[in-house]
Structures are given as C-alpha cells and as structure tokens.
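Some notes on the structure that comes next.
2 protein chains.
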Amino acid sequence: MLPPRRQKILAAIVEQYIETGEPVGSKSLMSLPGFDVSSATIRNEMAELTALGFISQPHTSAGRVPTQYGYRYYVDNLMQPAELEENERRRIEAGVDYRSGDPEQLLATAGEALVDFTNFAAISTTPSDEHAFIKNIEMVPVSPKMAMIVMLTSTGILKSKACRTDVPIVVDLQETFQNLVNQNFIGRPLSDINTVMIQTLVASLGAKALSMSPLLVTIADLVEAASISEVNLSGQSNLLGYKEYNETAGQLLDFLHRDEPLNMLVSSSSDTDSDIEIRIGSENRFKELENSSMIISKYKIGDNATGAIGIIGPTRMNYSKLIPSIKYLTDIISRVLSDVYEEETDLGEEEN
Amino acid sequence: MLPPRRQKILAAIVEQYIETGEPVGSKSLMSLPGFDVSSATIRNEMAELTALGFISQPHTSAGRVPTQYGYRYYVDNLMQPAELEENERRRIEAGVDYRSGDPEQLLATAGEALVDFTNFAAISTTPSDEHAFIKNIEMVPVSPKMAMIVMLTSTGILKSKACRTDVPIVVDLQETFQNLVNQNFIGRPLSDINTVMIQTLVASLGAKALSMSPLLVTIADLVEAASISEVNLSGQSNLLGYKEYNETAGQLLDFLHRDEPLNMLVSSSSDTDSDIEIRIGSENRFKELENSSMIISKYKIGDNATGAIGIIGPTRMNYSKLIPSIKYLTDIISRVLSDVYEEETDLGEEEN
DNA sequence: TTTAGCACTCGAGATATTTGAGTGCTAATT
DNA sequence: AATTAGCACTCAAATATCTCGAGTGCTAAA
C-alpha cells in the first residue's frame, strides 16, 4: 500500500493528465490546492513512483505520464466515482428505447446514446444464453412466392428474414411448414439446430423436401443469427479526434472492423464476477488496443441471459465519470429487458 | 476541342498522376512510349494546359497535377473505359446475393463487395418510387403481448418491426387488425400514410382504439422507413489510408456520418438522364467533398422504382476502371431486382 | 515549330542553434 | 530523517540556415 502522500500525488498526476493530455511536472502539482510541500519533495516522490512503475517520462526532461499500472492503481484504489448529475442521468435514460420489446434495437439505440454521451466508440453484444430455446416460429406469406420467417427465442430475441420459395405458397404448404416447425423446432435449444440437422430433416421429407428446403434453410440462418452474440460497434469515427491515435487510427479502425476479436473482447469479460470490467492498455490482449481502454458492463435478462455494453477509447479517459455512467446505463437496460422478459414469461405460463 | 497532342499530354498526366500520386514532370512524360518530342515542347504544351485550367502546379518548381477540370475533361473526352477481366467480373458478381428477394439486403452486400473491390467507401440507397403502394401487411403474433408487423411494398421492399401491445393478442384482435389493414392500407400509396392519417383512423375506432393504436403506429413507422430512401454507407475506414485525406479524414468521416447530406448527394443524381454520374471535387456541392469524387450509378426495378449505388474516394481515383465496374454491378442489380419484381407482379396478376 | 541550353525557383531534407520546461543531485536547513 | 533551495544538466520542440535537385520558363539557334 502506497503512503498517503504518494497516493495523493499519483491521483493528482492521473487526474491532471486525463484533463490536459500533457505530461505533468512537479511545479504544476505544487501549485495545486492541498499541496504544501516544495517541488523538490514532490520530485522525490515522483522518482519513487517512477521506480515503482506507476508513472513514466516520455523523455528525461519532461513531466510524468501515468503508465497503465498507474491507471490501474488509480482505478482500483484512488478514484472517487463521480455522482451523476440529474441532466446526465436524463441524457442516459433518453437513449434507452423503453417501448419496443426488441433487445437488439434497444441495445443499438443505447450504444448510440453512449457514443453521444462519452465521445468514444461504443460496443455492445446482444444477449446470449446457452440454454436459450426456440419459443416460436411463424411463416408469413407476403407475396405468392415470398415469405417472411419470424423467430422468437426464449431470451426475447426476435429475428426475421425473407425467403423466396420455388413453388407458390399455398395453404397446404403453410400447414406442412407449421407442423414441421411444431414437431422439430419449437422448444428446442438453439444449439440443437445446425446444417446437419436441417439436412437430415429435409432428407426425411420425401416429396415435400423441395418446397420445404428453402424455408428450413432460412430457419437455420435465423438460429445462427440468434445464437451468435452479435457485436455492435458505433461511434468509431469519434476516436479519430484523439491525438493518441494520430498515427494508428487506421489500424485501430480496421481492427475494430473485424468481428472475431470484438467478440472475444466482450465475451471474455465473463471470467470475473463483478458486473463491470475495466481493461486498461495491454490488459486487452490485443496489440492493437495497447493504448486503449475498455469499460464493459454486463447486463442481465432474467437469470440466464447476459450480454455486455461498454466503450472503447484511449487509456486517457475519465474513468471516474465514465464508470458510473456505464453502470447506470446497464442498470436501466437490465431492468427494461427483464421487465419485458418476465411479463412474457408470466403470460406464457398463464396460457398453459 | 483540344489539339490531339495536347489531349495526349493531358491524358498521360492524369493517368500517371492517378497511378503514382506524384506531380508529373515534362521529362517523365517524354520517356513514355509514343512521345517523340523534346521535354521543352511538352513544357510549352503544359504551360498552355495550365493556362486553360486543366492542370496546376503545387509550387513553381514542381510537376503538374490535374485540376478537377482536368479530370472532368479526361473523363468526358479522353478516357478509355477499361474492359473488365473475367476474374474481376466474377468478383463483382460474387458480391450480389441472387437468392434473397430483399432489395435492402442485396444492396448491403453489394456495397460491401464494392468496398472490397475498390478500396473506397461505398454508398447506396434502397429503391424509392413515388408511386409505390402497400402491397401487403401482416401481423404475426410471436408471444402473448408481442407481434411482428411485416409490410411489403409494390417496389418489393420488405420491412418488419416488433410491436408490444397493451392487451393480449387474441384472434378477435387479429381479425380487427386485418380488416383495418385491408380497408385502409392495402393498395394505398405510401405517401398517403402519415401521422395525421393514423390519428384520424385511431380516433374513429371507438372502443377498439386502445388495442389498435400501437399496431397502427408501428405501421406508420414501417411506411416511413420504406419511403425514406435509406442511405447505406460502408468502408469509410478505407479512406483513412489515402494521403489526400491525411489531415481531414476526421472531418470527412464525420460528414459521411450524417444522414442528410448523403441523402442529398445520392438523390440529386436524378437530374441527369444518364445512368451513371461522376462528380469530381466541388461538383459535389459540399465543401467537405472538395477533394473527393463520387461515381454513382442508378439501378432500376421494373419501370418506376430507382435507387443508386456507387463509391466515394479521393479525386485521384482510377476512373477508367471504376466506371465500368460500377456500371457492371448496377446492371446486375437491376437485372436481379427486376426479375424478382416481375416474377412477383406476374404471379400477382395470375392470382386475380 | 521545335529544341538545346541555361538561369532561376523553391520545396524537401539535412544540419545547427536556441529555448525552456523539467529533472536529479547536493548541500544546507528544519 | 525529512525537507528544501539551488544549480547543473538534459533533451524535445521550435526556429533558422544550408544544400540539393527536380522542374520550370525563356531565349536563341536549328
């Protein structure tokens, strides 16, 4: 544990650097209220903090800059989370679309809100639940040879996709389809449905195989889309404005463009139990993010499904303000989605 | 009309500059095959071309760079459209999703293909047709208090949105809804449906108003989404790589992020009759695009609906290759979408 | 009309100079 | 033992100076 004065100095360096982006010198700290020692004393302490790895110098004759360990110590031990102001709360709330019951849409708009609020890039995943099952599948004929297939999962995810059929859609075909769906899909976990399963099913249909095949393939598409926890990223262009990305902005955006690493980034957050996770610099395991931090918070729907939402930005970000903001947003999302979910579940059971 | 030799020099300057990005000097032109005159002669011609405004010098002792008028003259008079190679055709074709009948999805994937193929940003609009009407609306109950509303327009646009109702969805309610839809929406032009119309309708429903209201509002949302020709942009991060955007990349991306100007950019292309439009530098009316060019091509569905797809990049782009590529892509899109459309229309009429 | 020749221009790159914020160390002070 | 004043030192950033050469425009001869 650092002695109090050293803590105070570290905190001051982190906070001032977050604010100004310039290396912090001993004199500017001395002039801060509450610092009644000389700059030489501060320099001695700074030398210690440097030896301990919490701060570093860009070059010998410059001030100090927090290292990622400095940020980490600050976040874990020194930072005082800011109280959100009323208008900030309102701004965050306004970003959540209470009305629609569709989690994807809600997360998309919430992400946009985060982008506006933080000026960083926002990242979110749709809820995933390894025990999710298919609650409902409907076929909607919209024109003679085109139908829309709509699927609802136990998690509340709603997916739909158009499907052109080779033969005209008649009542008979619809009934066949609905029977197939009832027998083979409703109530089954998403993980059960895959290409092989679909092919076997098609093979067993005999004469009806031809007409059913495109519809069933579309179901497989929907299941896949619902299983993969989709990662949504927005506000990337905000990052261009930060001078820490001057040179590497292109690389970073390219990296964020690829889906796989994003998925890993968000999903790997499940190994801790805390509901909010802060990853500073190389704590994100990707080299492309060594100068970036993520604040990721998990939301829950009911007791099983979880997803995450958060931000990506330069390590120099205002942790003490952002962390409570994201916490607050996540609480709202959890509440809204759980409400919808429970309402559905209750009603569903009443029906039986 | 420029004398032949001057044309030849202008074309060579444009082409070499497009390739290298460096100002083109008289000597490097002289060494090109087919130039049998001295560098002094070329310099004289270049002086003329400069006076005419087709080329300019970054500074007195540098080579020449095409002005936007130079590019324009080149595109209009000098350029020889490249023949697409077999593998290029295949790459373009591979980007078009023949199977799904959904124009939006098709355009999205085609845009991605353009991004990969050209390394620029791609822009596209969904088809719009001022005479479009509602062909079909279906309500799909997916859970006790949630329904999916699906709408198909005469243009083939398929839109769907979830809607939570305040009361449980029963057969009675579905019938009421379907009657309402048949009487008030099917066959009516999209432009007829607006908030006022919906409100009047709701008001006339008496006791049923409460249960119908959220469903009808959702229809309004769908109609709006289908009327507004949505602009899709992708591959913006490609632009970061071009040195002409070194400084202004952020501004450009911010600009492209906003929806309104994009809409104007694409829709204003309707004033010419040609099916492909090339806008160089300030011919795009926005200051943010003064160093950019767009190649935008219109596609058609049947005889009425049109939309556009194209690219945005630095004025220094390979027009002679890109123009035929985009033309080719647009032809494919038009053909696929028109096929679907006609098939639908024919079948629809057979039905009657 | 074309071309060889030449003086001229000016950006890019290399090198030198200056400046000042900030440091670490030492020796005196508390 | 902890603090501080004082001072020599360091080094990036800003500024100035120099050199180089690609490319030009012009002139006078072919």
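Chain order of the listed sequences is C and B.
Counting from 1, one number per residue, gives the positions in the first sequence under our numbering.
Counting from 1001, one number per residue, gives the positions in the second sequence under our numbering.
Think of the CB as a built atom: it goes at the ideal place given N, C-alpha and C, for glycine as much as any other residue.
Predicted model, so just to flag it, every value in this text is computed and none were measured.
Practice item. Have a look at B:ILE1193, B:ILE1018, B:ILE1123 and B:PRO1324 and flag the residue whose alpha-carbon is nearest the alpha-carbon of B:SER1234. Key: Sequence index remark: in the second sequence, residue 1234 of chain B carries index 234 (1-based). Cα-wise, what sits closest to B:SER1234 is B:ILE1123.
Review point. How many Å lie between C:ASP339 and C:GLY111 at the Cα?
Key: Residue 339 of chain C sits at position 339 when you count from the first residue of the first sequence. Residue 111 of chain C sits at position 111 when you count from the first residue of the first sequence. If I take the Cα positions, the gap works out to 20 Å.
Practice item. Check whether the region 155 to 170 of chain C touches the region 1084 to 1102 of chain B, taking contact to mean three or more Cβ pairs, one atom from each stretch, closer than 8 Å. Key: yes
Practice item. State the DSSP-derived secondary structure class of B:TYR1098, mapped to helix, strand or coil. Key: The residue you call residue 1098 of chain B lines up with position 98 of the second sequence. Here B:TYR1098 sits in coil by DSSP.
Practice item. Would you please verify whether the beta carbon of C:GLU353 is less than 8 Å from any beta carbon of chain B? Key: Only positions 1 to 352 of chain C appear in the structure, and residue 353 of chain C is not among them; the question remains open.
**Study point:** Assumed close pair C:PHE133, C:LEU190 - CB separation to whole angstroms, cut-off 8 Å
**Key:** By one-based count along the first sequence, residue 133 of chain C stands at place 133. By one-based count along the first sequence, residue 190 of chain C stands at place 190. C:PHE133 to C:LEU190, Cβ: 7 Å. Contact.
Point to revise | Opening and closing residue of the alpha helix (DSSP H) in which B:VAL1231 lies | key: The residue given as residue 1231 of chain B occupies position 231 in the second sequence. From DSSP, B:VAL1231 is part of no alpha helix (DSSP H) but of the beta strand (DSSP E) over 1231 to 1234.
Exercise for review: Measure the beta-carbon distance from B:LEU1210 to B:ILE1149 and round it to whole angstroms, keeping in mind my assumption that it falls under 8 Å.
Suggested key: Translated into the one-based positions of the second sequence, residue 1210 of chain B becomes position 210. Translated into the one-based positions of the second sequence, residue 1149 of chain B becomes position 149. With 8 Å as the limit, B:LEU1210 and B:ILE1149 do not qualify as a contact, their Cβ atoms being about 17 Å apart.
Point to revise | Residue interval of the beta strand (DSSP E) (run including B:TYR1299) | key: Locating residue 1299 of chain B in the second sequence gives position 299, where the first residue counts as 1. First-last of the beta strand (DSSP E) with B:TYR1299: 1292 to 1301.
Check your understanding: Comparing the C-beta of B:ARG1012 with each C-beta of chain C, is any distance below 8 Å?
Key -> Along the second sequence, read from residue 1 onward, the residue named residue 1012 of chain B stands at position 12. With the sequence shown as reference, residue 1012 of chain B is identified as Ala, and Arg is not the correct amino acid for it. Not an interface residue.
Exercise for review: Give the range of the alpha helix (DSSP H) segment to which B:PRO1168 is assigned.
Suggested key: Taking the second sequence and counting its residues from 1, one reaches residue 1168 of chain B at position 168. Note, B:PRO1168: premise wrong, no alpha helix (DSSP H); not H, not E.
Check your understanding: Given that B:LYS1135 touches chain C, what residues does it touch there, using C-beta distances under 9 Å?
Key -> By 1-based counting over the second sequence, the position of residue 1135 of chain B is 135. Residues of chain C passing the Cβ test: VAL142 and SER143.
Exercise for review: Please state whether DSSP places C:MET151 in a helix, a strand or coil.
Suggested key: Here residue 151 of chain C refers to the residue found at position 151 when the first sequence is read from its first residue. Looking at C:MET151 - three-state DSSP - the assignment turns out to be strand.
Practice item. Buried or exposed for B:VAL1336, please, with buried defined as at least 16 other CB atoms from any protein chain shown within 10 angstroms of its CB. Key: Reading the second sequence from its first residue, position 336 is the one you call residue 1336 of chain B. Classification of B:VAL1336: buried, given that the 10 Å Cβ count is 16 or more.
Review point. Taking the runs of the beta strand (DSSP E) that are 3 residues or longer, which of them lie wholly in the region 1188 to 1240 of chain B?
Key: 1231 to 1234
Review point. Does the region 1288 to 1300 of chain B come close enough to the region 1314 to 1329 of chain B that 3 or more CB-CB pairs lie under 8 Å?
Key: yes
Review point. Is there a Cβ from chain B that is less than 8 Å from the Cβ of C:LEU240?
Key: Here residue 240 of chain C refers to the residue found at position 240 when the first sequence is read from its first residue. Yes, its Cβ sits closer than 8 Å to a Cβ of chain B.
Review point. Is C:MET46 helix, strand or coil by DSSP?
Key: In the first sequence, residue 46 of chain C corresponds to position 46, counting from 1. The answer is helix: DSSP assigns C:MET46 an H, G or I state.
Review point. Taking the alpha-carbon positions, what's the B:TYR1071 to B:ILE1280 distance?
Key: Mapped onto the second sequence, residue 1071 of chain B falls at position 71. Mapped onto the second sequence, residue 1280 of chain B falls at position 280. B:TYR1071 and B:ILE1280: Cα-Cα distance of roughly 7 Å.
Exercise for review: Give me the Cβ distance between C:LEU262 and C:LEU252, rounded to the nearest whole Å; I'm assuming they're in contact under 8 Å.
Suggested key: Taking the first residue of the first sequence as position 1, residue 262 of chain C is located at position 262. Taking the first residue of the first sequence as position 1, residue 252 of chain C is located at position 252. About 12 Å separates the two Cβ atoms, so there is no contact after all.
Practice item. Return the residues of the region 1067 to 1101 of chain B that lie within a Cβ-Cβ distance of less than 8 Å from chain C, sorted by chain order. Key: ARG1099, SER1100 and GLY1101
**Study point:** Distance between B:MET1317 and B:GLU1283 (C-alpha atoms, nearest Å)
**Key:** Translated into positions along the second sequence, residue 1283 of chain B becomes position 283. Translated into positions along the second sequence, residue 1317 of chain B becomes position 317. The straight-line gap from Cα to Cα measures roughly 15 Å.
Review point. Do C:THR155 and C:ASP192 come within 8 Å of each other at the CB atom, strictly closer than that value?
Key: Here residue 192 of chain C is taken as the residue at index 192 of the first sequence, counted from 1. Here residue 155 of chain C is taken as the residue at index 155 of the first sequence, counted from 1. No.
Exercise for review: Just tell me which of C:GLU138, C:GLN68 and C:PHE54 has its CA closest to the CA of C:ILE278.
Suggested key: Position 278 of the first sequence, counted from the first residue, corresponds to residue 278 of chain C. The candidate whose alpha carbon is nearest that of C:ILE278 is C:GLN68.
Point to revise | Per-residue burial, C:THR218 [other beta carbons within 10 Å of its own, 16 or more giving buried] | key: In the first sequence, counting from the first residue as 1, residue 218 of chain C sits at position 218. That one is buried.
Check your understanding: Comparing the C-beta of C:ALA51 with each C-beta of chain B, is any distance below 8 Å?
Key -> To locate residue 51 of chain C, count along the first sequence from 1; it is residue 51. So, not an interface residue.
Practice item. Kindly indicate if chain C contains any beta-carbon less than 8 Å away from that of B:LEU1152. Key: Along the second sequence, read from residue 1 onward, the residue named residue 1152 of chain B stands at position 152. At least one chain C Cβ lies under 8 Å of B:LEU1152.
**Study point:** B:LEU1158 at chain C interface by Cβ criterion, 8 Å
**Key:** The count along the second sequence starts at 1 and reaches residue 1158 of chain B at position 158. Yes, contact with chain C.
**Study point:** Residue range of the unbroken alpha helix (DSSP H) whose run includes C:LEU29
**Key:** Stepping through the first sequence from its first residue, residue 29 of chain C is reached at position 29. 26 to 30 is the span of the alpha helix (DSSP H), which, as asked, contains C:LEU29.
Review point. Can you find a CB in chain B that lies within less than 8 Å of the CB of C:SER227?
Key: Residue mapping note: residue 227 of chain C aligns to position 227 of the first sequence, counting from 1. No, because no Cβ of chain B sits closer than 8 Å to the Cβ of C:SER227.
Review point. Which class does C:ILE186 belong to by DSSP, given the choice of helix, strand or coil?
Key: As a position in the first sequence, residue 186 of chain C is number 186, starting the count at 1. Coil, per DSSP.
**Study point:** Pick from B:LEU1329, B:LEU1029, B:GLN1183 and B:ALA1308 that is closest to B:THR1370, judged by C-alpha positions
**Key:** The requested residue 1370 of chain B does not occur in the structure, where chain B is confined to residues 1001 to 1352.
Exercise for review: Would you be able to state if there are at least three C-beta pairs under 8 Å between the region 1083 to 1091 of chain B and the region 1013 to 1029 of chain B?
Suggested key: no
**Study point:** Span separating the alpha-carbon of B:SER1204 from that of C:GLU342
**Key:** Your numbering for residue 1204 of chain B matches position 204 in the second sequence. Your numbering for residue 342 of chain C matches position 342 in the first sequence. Whole-angstrom Cα-Cα distance: 34 Å.
Check your understanding: For the region 240 to 258 of chain C, which residues have a CB atom closer than 7 Å to at least one CB atom of chain B, in sequence order?
Key -> LEU240, GLY241, ALA249, GLY250, LEU253, ASP254 and HIS257
Exercise for review: Step through the CB atoms of chain B and report whether any lies within less than 8 Å of the CB of C:ALA162.
Suggested key: Position 162 of the first sequence, counting from 1, holds the residue named residue 162 of chain C. Yes, C:ALA162 counts as interfacial toward chain B.
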